[in-house]
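Have a look at the structure below, then the notes.
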Amino acid sequence: MSQRMQGKVAFVSGGGSGIGAATAIRLAQEGASVVICGRRQEPLDAVVAQIRAAGGQAEAVQADVGDETQYVGAIEAAAQRHGRLDVLVNNAMAFTWGALESTSTAEWHANFRTTVDGTFWGTRTALRLMKAGGQGGSIVNVSSICGQLGTPWMAGYSAAKAAVDNFSRAAAAEGAAAGVRVNVVVPAVVETPATAGMLADEASRRSTEKLIPMGRVGRPEELANAILFLASDEAAYITGASLPVDGGRSAVLVTAL
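Per UniProt numbering, residue 1 is the first one in the sequence shown, and the count goes up by one each step.
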């Protein structure tokens, strides 16, 4: 590995599984001291153990990203322990599923608490810390193709992810002068616990893969590599960008079936 993150401190939300876990592992492989957070301690501990077994540096913090006090407190405490914060990855999300006409107001709001509010709280906190530290930094927010294309039965989630996209552009404009970059990665279908239901059998998987030009769903490690790039100094002149990592799904109207 190139150790391109050597000496940097990174905080990753939703780090116990899927894209968050893969990102934490990848950042640690490149030399970062990684702090991961999530609601359940056991999966966080498993990721930390894997990172440490490979010689990396990591720690876990149990915190609900949908709770402002918990999430902000976790980021601030990590920065205090390590003396700095260089990278924040807002990856945690929550969603509801169902037809629009039967979606309750409570279900609608449930899509925003973690995905939008959590991204706002995390980004605001990181901007303050990175500006105060004087070293700048990188914030990478994880969105979704659902935020760019209409997705039936996921109206709330789609609206929340669309909010993340444009919020990130505004944050990039505000952070640029202080050297704080804010970018977005935009996955489509990635094989994670959150998508296990839609990929539960071969027929469902084949139906999904037919819509993807590359003919397969994504792997968490592929998203982690994109996040690593945007977090690293190799992307020093990139801010306000939304990078699709979707096998070409967003590039086409339809594909031949």
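The C-beta atom is built at its ideal place from N, Cα and C for all residues, glycine as well.
Query, Result
"What are the boundary residues of the beta strand (DSSP E) that includes A172?", "Premise fails: A172 lies in the alpha helix (DSSP H), A155 to G175, not in any beta strand (DSSP E)."
"Name the residue from A77, V142, E76 and Q57 whose alpha carbon lies nearest to the alpha carbon of A241.", "V142"
"Where I238 and S250 are concerned, what is the direct C-alpha to C-alpha distance, given to the nearest angstrom?", "21 Å"
"Assign P193 to one of three DSSP states: helix, strand, or coil.", "helix"
"What are the uninterrupted segments assigned as alpha helix (DSSP H) that are 4 or more residues long and contained completely in the region 79-154, given in chain order?", "105-112 and 119-133"
"What is the DSSP secondary structure of P43, counted as helix, strand or coil?", "helix"
"Verify whether the separation of the beta carbon atoms of L88 and F167 is less than 7 Å.", "no"
"Taking DSSP as the reference, what is the three-state secondary structure of Q62?", "strand"
"Roughly how far, in whole angstroms, is the beta-carbon of A46 from the beta-carbon of K8, given that I think they are within contact range, below 8 Å?", "Contact doesn't hold; Cβ gap of about 23 Å is too wide."
"Look at the alpha carbon of V35 and the alpha carbon of M93, and state the distance between them as a whole number of angstroms.", "18 Å"
"Taking Cβ positions, are S232 and R4 nearer each other than 7 Å?", "yes"
"For the putative contact between N91 and T23, defined by C-beta atoms under 8 Å, what is the C-beta separation to the nearest angstrom?", "7 Å"
"Just to confirm before moving on: does the CB-CB distance between T115 and A160 stay below 7 Å?", "yes"
"Which stretch, first to last residue, makes up the alpha helix (DSSP H) that contains A22?", "G18 to Q29"
"Taking Cβ to Cβ, would you say G16 is nearer than 7 Å to L44?", "yes"
"Flag this pair as yes or no: are the beta carbons of P187 and L230 separated by less than 7 Å?", "no"
"Are the CB atoms of G56 and G38 within a distance shorter than 7 Å?", "no"
"Here's the rule I'm using: 16 or more other beta-carbon atoms within 10 Å means buried, otherwise exposed. How should Q29 be labelled?", "buried"
"Measuring CB to CB, does G215 end up less than 7 Å from V190?", "no"
"In the DSSP output, what is residue 287 paired with across the bridge?", "Absent from the structure is residue 287, since the part of the chain shown begins at 1 and ends at 257."
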